[in-house]
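Engineer:
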Amino acid sequence: MILNIGDNYASSTSGNEFKKQKSPEMDQCIQNCLNCFKICEETLARCFTQIEHKDSSHLALLKSCAEICNTSAKFMMLNSKFHSDVCGVCSKVCIECADSCEALGDASMKECIEACRKCADSCAKMAKLPH
1 MILNIGDNYA
11 SSTSGNEFKK
21 QKSPEMDQCI
31 QNCLNCFKIC
41 EETLARCFTQ
51 IEHKDSSHLA
61 LLKSCAEICN
71 TSAKFMMLNS
81 KFHSDVCGVC
91 SKVCIECADS
101 CEALGDASMK
111 ECIEACRKCA
121 DSCAKMAKLP
131 H
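Residue numbers (the UniProt record's numbering): 1 to 131.
(1) By the DSSP assignment, the alpha helix (DSSP H) with Leu44 in it spans what residues?
(2) In this structure, how does DSSP classify Lys118 when only helix, strand and coil are distinguished?
(3) Tell me the rounded alpha-carbon separation between Thr71 and Ser57.
(4) In this structure, does DSSP put Asp85 in helix, strand or coil?
(5) How would you label Met77, buried or exposed, when you count the other beta carbons within 10 angstroms and need 16 or more for buried?
(6) Between Glu42, Val93 and Lys63, which has its C-alpha nearest Cys123's C-alpha?
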């Protein structure tokens, strides 16, 4: 299965499409997750090349956050009945990642902190919605 990340639906290689998202809140949450994924990946790369924050637990948390955000977006695009469960976990990981970045006291982490907090908020709301 190939996911068209830029679109709000998933398609298989045979061209079948899943239902488009009904909820503007879900569409926004997908965008927040994809943005957080991108920014966490960029921040992780910067940590390796430019920033002195090479603590393995912080780097692992950045990577974990990126991966759960990507996964959460995919589950919502698939209209998976488990998307609210994944969103709940995503919210928790994003909060922890934002807190970890904030604790570093480095201004270069600001964009990552903001993206994580925004994603955490929207995922927490999605997690509370019925399946």
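For every residue, glycine included, the Cβ atom is placed at its ideal position computed from N, Cα and C. Because the structure is a prediction, the values reported are computed rather than measured.
Structural biologist: The short version:
(1) Counting from one through the sequence shown, the residue named residue 44 turns up at place 44. Pro24 to Thr49 is the extent of the alpha helix (DSSP H) around Leu44.
(2) On the sequence shown, residue 118 is found 118 positions in, with the first residue counted as 1. Note: Lys118 maps to helix in three-state DSSP.
(3) What you label residue 71 is simply residue 71 of the sequence shown in a count that begins at 1. What you label residue 57 is simply residue 57 of the sequence shown in a count that begins at 1. In a straight line, the C-alpha of Thr71 is about 21 angstroms away from that of Ser57.
(4) The residue labelled residue 85 in the question sits at position 85 within the sequence shown. In the three-state scheme derived from DSSP, where H, G and I count as helix and E and B as strand, Asp85 is classed as helix.
(5) Numbered from its first residue, the sequence shown carries residue 77 at position 77. With 16 or more Cβ atoms within 10 Å of its Cβ, Met77 is classed as buried.
(6) One-based indexing of the sequence shown puts residue 123 at position 123. Ranking Glu42, Val93 and Lys63 by Cα distance to Cys123 puts Val93 first.
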